[in-house]
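S.K.: Structure below; questions to follow.
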Amino acid sequence: MSYVLEDLVNALHAKEPALRLERQAVMAAYTTLHLGGPADVLAHPATPEQLQLLLREAARHQVPVTLMGHGSNTVVRDGGIRGLVIRVCREMREITVEGSVIRAQAGAMLTALAMAAAEHELGGLTFASGIPGTVGGGVYMNAGAYGGEMCQVVTRVEGFDMAGEPFSYGRADMNFGHRYSRLMDEDKVVTYVTCQCPHAKREELLKEMVELNRRRAEKQPLQQPSAGSTFKRPRDGYASALIDQCGLKGLSVGGARVSEKHAGFLVNQGGTAADFLALMAKVQTIVYEKTGVMLEPEVRIVGEDCLVHAL
Ligand SMILES: Cc1cc2nc3c(=O)[nH]c(=O)nc-3n(C[C@H](O)[C@H](O)[C@H](O)COP(=O)(O)OP(=O)(O)OC[C@H]3O[C@@H](n4cnc5c(N)ncnc54)[C@H](O)[C@@H]3O)c2cc1C
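Position 130, counted from 1, in the sequence shown is what the numbering used here calls 130; the numbers after and before it change by one each time, with no gaps.
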């Protein structure tokens, strides 16, 4: 590890001994694709204050920061990630409900948010019950399914910029669009998300969640490591329909494969990130040649190639 990183780790330990830091953390353990080499240093903040300290110290030491939630929309390359990775996940998962307002820490899972809403007879979040990501990752990309989207219920998003300075955006400030928010163009870390939800009957909400999850299990290869839909929905139609139409179900590169169950899902069957990225490129090329549509990745790709693979 470089001297700068060593200095950063020492400064963090001195100021906040309780902060959990892992060196050379294999990122395959922290992504739903189970792909990715080691991060130099992986931090698991348990409070907004620890998160702010991490950002301030990383800025002071000029160490690059990569931000992650549950890693369910992320491909980490085989060479891993240099610098500091901050994982806002299970350690920051508080959810509080007051009347029709839910306030969740960014590391809470979307599934837990949907359940908490249902328990308090609040609707508008059943769509989120099967999305295996965090609330922070969910607002970052305006996650959605079955006609619901985060932007329909989110009223405020709070957090820090990369210097650790607080920000607070109302819904209108977020510029939400299809799988888009302004956070995708800015370096910001979400700590809290507030949602305003309509009253609904608990039993009906639970029934709806069971039904949506049944439909998901029927259509999606949930038993295999994936990052969900690999490509964004093109302007007209669906990425999965185009991939299927081009006869690409079952196409593979090394251990990466286009799912036979759902062509929009590329799954990892024991391969490398290099396999996965090569398969993505192959699918894009063939779909473009056959249909004229260039599919854009929905997954976020981070880290460095492994030299062994690059040679
Ligand atoms: C089986 C499966 C099914 C899926 N189904 C759906 C679906 O129906 N609909 C859908 O929209 N998505 C779906 N996804 C994709 C994914 O679950 C969502 O995009 C989810 O919102 C990502 O959250 P995450 O915490 O895993 O984010 P990560 O993958 O960890 O990160 C994604 C992006 O969010 C940013 N981010 C994460 N946390 C924060 C934070 N606290 N502050 C600021 N930025 C942050 C990261 O920097 C990164 O750029 C699916 C994935 C899988 C594996």
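The beta-carbon is built from N, C-alpha and C at its ideal position, and this holds for glycine as well.
How far does the beta strand (DSSP E) with residue 265 in it extend, from its first residue to its last?
M.R.: On the sequence shown, position 265 is the one that residue 265 refers to. If you look at residue 265, you'll find it in the beta strand (DSSP E) that goes 265–268.
S.K.: Using CA coordinates, which residue listed in 36, 84, 296, 164 is at the minimum distance from residue 232?
M.R.: Against the sequence shown, residue 232 aligns to sequence position 232. Taking only the C-alpha atoms, the option nearest residue 232 is 296.
S.K.: When the distance is taken between beta carbons, is residue 95 closer than 8 Å to residue 106?
M.R.: Within the sequence shown, residue 106 is the residue found at index 106, counting from 1. Within the sequence shown, residue 95 is the residue found at index 95, counting from 1. No, Cβ-Cβ distance for residue 106 and residue 95 is not below 8 Å.
S.K.: Within 10 angstroms of its Cβ, does residue 166 collect 16 or more other Cβ (buried), or is it exposed?
M.R.: Taking the first residue of the sequence shown as position 1, residue 166 is located at position 166. So residue 166 ends up on the exposed side.
S.K.: Is DSSP giving residue 96 helix, strand or coil here?
M.R.: Locating residue 96 in the sequence shown gives position 96, counting from the first residue. The answer is strand: DSSP assigns residue 96 an E or B state.
S.K.: Near residue 293, which residues of its chain fall below 7 Å by C-beta distance, leaving aside the five closest residues on each side in sequence?
M.R.: Position 293 of the sequence shown, counting from 1, holds the residue named residue 293. Cβ within range, chain order: 234, 242, 287.
S.K.: Check whether the segment 24–36 touches the segment 58–77, counting contact only when three or more Cβ pairs, one atom from each stretch, lie closer than 8 Å.
M.R.: yes
S.K.: Does DSSP put residue 150 in a helix, a strand or coil?
M.R.: Translated into the one-based positions of the sequence shown, residue 150 becomes position 150. If DSSP states are grouped into helix, strand and coil, residue 150 belongs with the helices.
S.K.: Pick helix, strand or coil for residue 177, following the three-state DSSP scheme.
M.R.: Taking the sequence shown and counting its residues from 1, one reaches residue 177 at position 177. Residue state, collapsed to three classes: strand.
S.K.: For residue 56, which residues of its own chain have a beta-carbon under 8 Å away from its beta-carbon, when the five flanking residues on both sides are left out?
M.R.: What you label residue 56 is simply residue 56 of the sequence shown in a count that begins at 1. So the qualifying residues of the chain are 163, 164.
S.K.: Is the Cβ-Cβ distance between residue 256 and residue 266 less than 8 Å?
M.R.: Here residue 256 refers to the residue found at position 256 of the sequence shown. Here residue 266 refers to the residue found at position 266 of the sequence shown. Yes.
S.K.: Of all the options 21, 17, 81, which has the alpha carbon lying nearest to the alpha carbon of residue 38?
M.R.: Numbered from its first residue, the sequence shown carries residue 38 at position 38. That would be 81, whose Cα lies nearest to the Cα of residue 38.
S.K.: Are the beta-carbon atoms belonging to residue 327 and residue 43 less than 8 Å from one another?
M.R.: Because the chain here runs from 1 to 311, residue 327 falls outside it and cannot be looked at.
S.K.: Excluding five sequence neighbours on each side, which residues of the same chain lie with their C-beta closer than 8 Å to the C-beta of residue 190?
M.R.: As a position in the sequence shown, residue 190 is number 190, starting the count at 1. Hits under 8 Å: 88, 106, 135, 136, 139, 140, 157, 158, 159, 183.
S.K.: Under the assumption that residue 264 contacts residue 240 (Cβ atoms under 8 Å), give the Cβ distance between them as a whole number of angstroms.
M.R.: As a position in the sequence shown, residue 264 is number 264, starting the count at 1. As a position in the sequence shown, residue 240 is number 240, starting the count at 1. Contact flag correct, Cβ pair sits at about 3 Å.
S.K.: Given this structure, state the Cα-to-Cα distance separating residue 301 from residue 70, to the nearest angstrom.
M.R.: For this step, residue 301 is matched to residue 301 along the sequence shown. For this step, residue 70 is matched to residue 70 along the sequence shown. Approximately 14 Å, taken between the alpha carbons.
S.K.: Please check the pair residue 133 and residue 117, which I expect to be a contact at CB under 8 Å, by giving their CB distance rounded to whole angstroms.
M.R.: Looking up residue 133 in the sequence shown gives position 133. Looking up residue 117 in the sequence shown gives position 117. With a Cβ gap of about 16 Å, residue 133 and residue 117 do not count as contacting.
S.K.: Among 180, 49, 179, which has the Cα closest to the Cα of residue 91?
M.R.: The count along the sequence shown starts at 1 and reaches residue 91 at position 91. Selected option, being the one with the closest Cα: 49.
S.K.: What does the Cβ neighbour count give for residue 280, buried or exposed, with the cut at 16 atoms within 10 Å?
M.R.: Here residue 280 corresponds to residue number 280 of the sequence shown, with the count starting at 1. Residue 280 is buried by the Cβ-count criterion.
S.K.: Comparing C-alpha positions only, which one of 246, 62, 262 sits nearest to residue 284?
M.R.: The sequence position of residue 284 within the sequence shown is 284, counting from 1. The shortest C-alpha separation from residue 284 is found at 246.
S.K.: Could you pull the start and end residues of the alpha helix (DSSP H) that residue 30 belongs to?
M.R.: Here residue 30 is taken as the residue at index 30 of the sequence shown, counted from 1. Per DSSP, residue 30 belongs to no alpha helix (DSSP H) and is neither H nor E.
S.K.: Please find out if some non-hydrogen atom of ligand 1 comes closer than 7 Å to the beta-carbon of residue 17.
M.R.: Along the sequence shown, read from residue 1 onward, the residue named residue 17 stands at position 17. False, no ligand heavy atom lies under 7 Å from that Cβ.
S.K.: Given 7 Å as the limit, tell me if residue 300 has its C-beta closer than that to any heavy atom belonging to ligand 1.
M.R.: In the sequence shown, counting from the first residue as 1, residue 300 sits at position 300. Yes, the Cβ of residue 300 comes within 7 Å of a heavy atom of ligand 1.
S.K.: What is the DSSP secondary structure of residue 288, counted as helix, strand or coil?
M.R.: As a working note, residue 288 is residue 288 in the sequence shown. Residue 288 falls in the helix class under three-state DSSP.
S.K.: What is the C-beta distance between residue 197 and residue 123, in whole angstroms, given that I count them as a contact (C-beta under 8 Å)?
M.R.: By 1-based counting over the sequence shown, the position of residue 197 is 197. By 1-based counting over the sequence shown, the position of residue 123 is 123. So it is a contact: roughly 6 Å between Cβ atoms.
S.K.: State buried or exposed for residue 8, treating a residue as buried only when at least 16 other CB atoms are found within 10 Å of its CB.
M.R.: Mapped onto the sequence shown, residue 8 falls at position 8. Label assigned to residue 8: buried.
S.K.: Measuring from the CB of residue 214, is there a heavy atom of ligand 1 at a distance below 7 Å?
M.R.: Counting from one through the sequence shown, the residue named residue 214 turns up at place 214. Not so, every heavy atom of ligand 1 lies at least 7 Å from the Cβ.
S.K.: So, using beta-carbon positions, are residue 126 and residue 148 closer together than 8 Å?
M.R.: Counting from one through the sequence shown, the residue named residue 126 turns up at place 126. Counting from one through the sequence shown, the residue named residue 148 turns up at place 148. Yes, they are a contact pair.
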